[in-house]
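Colleague: Here it is: the structure, laid out below.
Residue numbers (our numbering), protein chains in the order written: chain F, 37 to 199; chain A, 305 to 709.
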């Protein structure tokens, strides 16, 4: 990854809606070069998606998020790949990570309520043959996600005019 | 029977009221022009105002430095420090100046830690200026040099700088302002409010004039880290200039530590020693928690600093291009975090323009005339604010221009 592309990514990570023209101005570059670099990164799946970061606790719909520690036995030749795939294809699964340490896969899932999450774990996740055990943790409150702080504590305290 | 004291008329009724007790200096200094504008902005109490008038970073002090100060408080580090500042901090400053600007100062007697760069400026002027001495001040400039000089009975001599010279000080205009009473020259580059910088080649002829006329130079380098083209050159690093220069800097701008009030001065032991005497009788020492945070900033904080500088640079490009696109001439600021566009084409004075911009377009910026000679016809706009706010402000200014043109 070259310097130019990583500068573009830094800006888009903060505000995905910045136009190529504006990014070009901010980086002192040509708009065409910025557009080309973005296209390239989209094609290469460096930029996967432009999505909004939502503070769901401010939305009325009830929603629970759980982190599940999954212990499983790897398959010969494929390691954890196919079991990870079987898990991440479920739409309610938000993220799947292979972990070092006491367990193997960390699965983040969204559900409407506790019951829905419980049913996913018992009916879908635990029934996969290579899954040995699961531990489910419910998230009670999100303070910070993807580098973004949800509580608005960093208000601008500066005087409006100063020398 | 009433006593003599009770029979005297109230002091308020006598001519001049309480003001007659004030010194000539306190009476002579004008209230800050920025303050007047601040009152105007505050009075409006309008939350839709976007302010480009803020002279400080929009970053909160990085958590790493704050954490160092919090930890020191927990450990009970709440005492006076040595007058000149904690030895570890002075050593860290010496190393930093050597690394970044090729300056070599002895932390033992050539570095003084002060309450903000402001105190260092005050100390230097107090130590060097006596009644009748002339202080050479390139303008437009930061607002405090002039009044502090006046307070000490000195005579501020403004030297106008121009947009056509990118607001750099020229040797000719400096030479023209020199009299037998000239003693101290102020240099503030990168400049608040113009964003101008002085390169090595720009400074050389100034050094020659300083040498020929035996001037002492007070070099306010508080924005030294914030340059976006050529790297900052400290005046003290020029050949033969170290002994006749007092370098003033601090942590406010580059390290986003304005509220901590941490600054320092470096120079010849005779000069720093005199400033230290005034400092020990007036403030004793800079606050200890600020000193602890400053040590952390210098030791482990450079990465954060460079991120902030890159971010200012991005916004600088956006704002300068933005002003030019809406038809305001704007010289390329290469330092600090201010753009200084010309509003002369509108036919309004800077005061009038800034007031109307505030009331009609809800954008606050500081009118150029408050920064002295050469500031009329310009507007100081700080770009230390979010990209979204800058974009909105530029749009509002553009609409305002269309309305009045």
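C-beta: ideal position from N, C-alpha, C; glycine also.
1. For the region 545 to 563 of chain A, which residues have a CB atom closer than 7 Å to at least one CB atom of chain F, in sequence order?
2. Taking 9 Å as the threshold (beta carbon to beta carbon), is residue 710 of chain A in contact with chain F?
3. Do the CB positions of residue 613 of chain A and residue 532 of chain A come within less than 9 Å of each other?
4. I'd like to know whether the C-beta atoms of residue 362 of chain A and residue 192 of chain F end up nearer to each other than 9 Å.
5. Considering only residues of the same chain and omitting the five flanking positions on each side of residue 402 of chain A, which have a CB-CB separation below 7 Å?
6. Whose C-beta lies closer than 8 Å to the C-beta of residue 562 of chain A among residues of the same chain, with five residues either side of it excluded?
7. I'd like to know if residue 450 of chain A contacts chain F, where contact means its C-beta is closer than 9 Å to some C-beta of that chain.
8. If you reduce the DSSP assignment to three classes, tell me which class residue 181 of chain F lands in.
9. Determine which residues share a DSSP beta bridge with residue 169 of chain F and list them.
10. Determine the closest residue to residue 472 of chain A out of A/703, A/636, A/698, A/653, with distance taken between C-alpha atoms.
11. Evaluate the contact criterion for the region 427 to 443 of chain A versus the region 588 to 600 of chain A: three or more CB pairs, one atom per stretch, below 8 Å.
12. If you drop the 5 nearest sequence neighbours on each side, which residues of the same chain put their C-beta closer than 6 Å to that of residue 479 of chain A?
13. Note down, in chain order, every chain F residue with its Cβ under 9 Å from the Cβ of residue 622 of chain A.
14. Assuming residue 669 of chain A contacts residue 684 of chain A under a Cβ cut-off of 8 Å, what Cβ separation, rounded to an integer in Å, is found between them?
15. Residues of chain F with CB closer than 7 Å to the CB of residue 357 of chain A, please, in chain order.
16. At a CB distance below 8 Å, what residues from the region 652 to 671 of chain A approach chain F? Give them in sequence order.
17. Please report whether the beta-carbon of residue 699 of chain A lies at a distance below 9 Å from any beta-carbon of chain F.
18. Thinking just about the alpha-carbon of each residue, which of F/86, F/40, F/50 is nearest to the one in residue 72 of chain F?
19. Exposed or buried, what is residue 427 of chain A when buried is set at 16 or more other beta-carbons lying within 10 Å of its beta-carbon?
20. Taking Cβ-Cβ distances shorter than 8 Å, what residues in chain A pair up with residue 51 of chain F?
21. I'd like to know if residue 360 of chain A contacts chain F, where contact means its C-beta is closer than 9 Å to some C-beta of that chain.
22. Going along the chain, which residues of its own chain have a beta-carbon closer than 6 Å to the beta-carbon of residue 175 of chain F, five neighbours each way excluded?
23. Quick one: using the 10 Å Cβ neighbour count with 16 as the cut-off for buried, is residue 615 of chain A buried or exposed?
24. How is residue 119 of chain F classed by DSSP in three states: helix, strand or coil?
25. Decide if residue 638 of chain A is buried, meaning its Cβ has at least 16 other Cβ atoms within 10 Å, or exposed.
26. Check residue 495 of chain A in the structure and name its three-state DSSP category.
27. State the Cα-Cα distance for the pair residue 623 of chain A and residue 85 of chain F, rounded to the nearest angstrom.
28. One question on the structure: do residue 652 of chain A and residue 348 of chain A come within less than 9 Å of each other, judged by their Cβ atoms?
29. At the level of alpha carbons, what is the spacing between residue 665 of chain A and residue 369 of chain A?
30. Quick check on DSSP: helix, strand or coil for residue 402 of chain A?
31. Starting from residue 625 of chain A, trace the alpha helix (DSSP H) in both directions and tell me its first and last residue.
32. What's the call for residue 549 of chain A, buried or exposed, on a 16-neighbour Cβ count within 10 Å?
33. Less than 6 Å between C-beta atoms, sequence neighbours within five positions excluded: which residues of the same chain meet that for residue 172 of chain F?
34. Using the beta-carbon count (16 or more within 10 Å), is residue 390 of chain A buried or exposed?
35. Using the C-alpha atoms, what's the distance from residue 570 of chain A back to residue 415 of chain A?
36. Name the DSSP beta bridge partners of residue 639 of chain A, please?
Modeller: From the atom records:
1. The residues in question: there are none.
2. Coverage of chain A is limited to positions 305 through 709, which leaves residue 710 of chain A absent and any answer about it impossible.
3. As a first step, residue 613 of chain A must be located in the second chain, where it is residue number 309. As a first step, residue 532 of chain A must be located in the second chain, where it is residue number 228. Between residue 613 of chain A and residue 532 of chain A, the C-beta spacing is below 9 Å.
4. By 1-based counting over the second chain, the position of residue 362 of chain A is 58. By 1-based counting over the first chain, the position of residue 192 of chain F is 156. The answer is yes: Cβ separation under 9 Å.
5. Stepping through the second chain from its first residue, residue 402 of chain A is reached at position 98. Correct list, in chain order: 408.
6. Counted from its first residue, the second chain places residue 562 of chain A at position 258. 360, 361, 556.
7. For the purposes of this step, residue 450 of chain A is identified with residue 146 of the second chain, where counting begins at 1. No, because no Cβ of chain F sits closer than 9 Å to the Cβ of residue 450 of chain A.
8. For this step, residue 181 of chain F is matched to residue 145 along the first chain. Strand, per DSSP.
9. As a working mapping, residue 169 of chain F is identified with position 133 in the first chain. According to DSSP, residue 169 of chain F bridges with F/107.
10. The residue labelled residue 472 of chain A in the question sits at position 168 within the second chain. Out of A/703, A/636, A/698, A/653, the CA that lies nearest to the CA of residue 472 of chain A is found in A/636.
11. Three or more Cβ pairs closer than 8 Å define a contact, and the region 427 to 443 of chain A falls short of that threshold against the region 588 to 600 of chain A.
12. Within the second chain, numbered from 1, the residue matching residue 479 of chain A stands at position 175. The beta carbon of residue 479 of chain A is closer than 6 Å to those of 513 in its chain, skipping five residues each way along the sequence.
13. Working through the second chain from its first residue, we reach residue 622 of chain A at position 318. Correct list: 58, 61, 62.
14. Numbered from 1 along the second chain, position 365 holds the residue referred to as residue 669 of chain A. Numbered from 1 along the second chain, position 380 holds the residue referred to as residue 684 of chain A. Taking the Cβ atoms as the reference, residue 669 of chain A lies roughly 6 Å from residue 684 of chain A, within the contact range of under 8 Å.
15. For the purposes of this step, residue 357 of chain A is identified with residue 53 of the second chain, where counting begins at 1. Listed along chain F, the residues sitting closer than 7 Å to residue 357 of chain A by beta-carbon distance are 196, 197.
16. Against chain F - using a Cβ distance shorter than 8 Å - the residues of the region 652 to 671 of chain A are 668, 670.
17. As a working mapping, residue 699 of chain A is identified with position 395 in the second chain. With 9 Å as the cut-off, residue 699 of chain A does not count as an interface residue toward chain F.
18. Position 36 of the first chain, counted from the first residue, corresponds to residue 72 of chain F. Answer by Cα proximity: F/40.
19. For the purposes of this step, residue 427 of chain A is taken as residue 123 along the second chain, with counting starting at 1. Its Cβ being crowded by 16 or more others within 10 Å, residue 427 of chain A is buried.
20. Reading the first chain from its first residue, position 15 is the one you call residue 51 of chain F. Going along chain A in sequence order, the residues near residue 51 of chain F (Cβ under 8 Å) are 691, 692.
21. As a first step, residue 360 of chain A is located in the second chain; it is residue number 56 there, counting from the start. Answer yes: the Cβ-Cβ gap between residue 360 of chain A and chain F drops below 9 Å somewhere.
22. Your numbering for residue 175 of chain F matches position 139 in the first chain. Answer for residue 175 of chain F: 101, listed in chain order.
23. As a working note, residue 615 of chain A is residue 311 in the second chain. The residue in question, residue 615 of chain A, is buried, as its Cβ has 16 or more Cβ neighbours within 10 Å.
24. As a working note, residue 119 of chain F is residue 83 in the first chain. In this structure, residue 119 of chain F counts as helix in the three-state DSSP scheme.
25. Taking the first residue of the second chain as 1, we reach residue 638 of chain A at position 334. So residue 638 of chain A counts as buried.
26. In the second chain, counting from the first residue as 1, residue 495 of chain A sits at position 191. Residue 495 of chain A: coil per DSSP, three-state reduction.
27. Counting from one through the second chain, the residue named residue 623 of chain A turns up at place 319. Counting from one through the first chain, the residue named residue 85 of chain F turns up at place 49. About 29 Å.
28. The residue given as residue 652 of chain A occupies position 348 in the second chain. The residue given as residue 348 of chain A occupies position 44 in the second chain. No, the pair does not count as a contact, with Cβ atoms beyond the cut-off.
29. Position 361 of the second chain, counting from 1, holds the residue named residue 665 of chain A. Position 65 of the second chain, counting from 1, holds the residue named residue 369 of chain A. Cα-Cα distance, rounded: 38 Å.
30. By one-based count along the second chain, residue 402 of chain A stands at place 98. Residue 402 of chain A falls in the helix class under three-state DSSP.
31. Locating residue 625 of chain A in the second chain gives position 321, where the first residue counts as 1. Counting along the chain, the alpha helix (DSSP H) containing residue 625 of chain A begins and ends at 606 to 629.
32. Locating residue 549 of chain A in the second chain gives position 245, counting from the first residue. Result: buried.
33. Position 136 of the first chain, counted from the first residue, corresponds to residue 172 of chain F. For residue 172 of chain F, same chain residues with a beta-carbon under 6 Å away, outside a window of 5 residues either side, are 102, 104, 157 in chain order.
34. Taking the second chain and counting its residues from 1, one reaches residue 390 of chain A at position 86. Counting the other CB atoms within 10 Å of its CB gives residue 390 of chain A a total of 16 or more, which places it among the buried residues.
35. Position 111 of the second chain, counted from the first residue, corresponds to residue 415 of chain A. Position 266 of the second chain, counted from the first residue, corresponds to residue 570 of chain A. Straight-line Cα distance between these residues: approximately 5 Å.
36. Counted from its first residue, the second chain places residue 639 of chain A at position 335. Note: residue 639 of chain A sits in a beta bridge opposite A/531.
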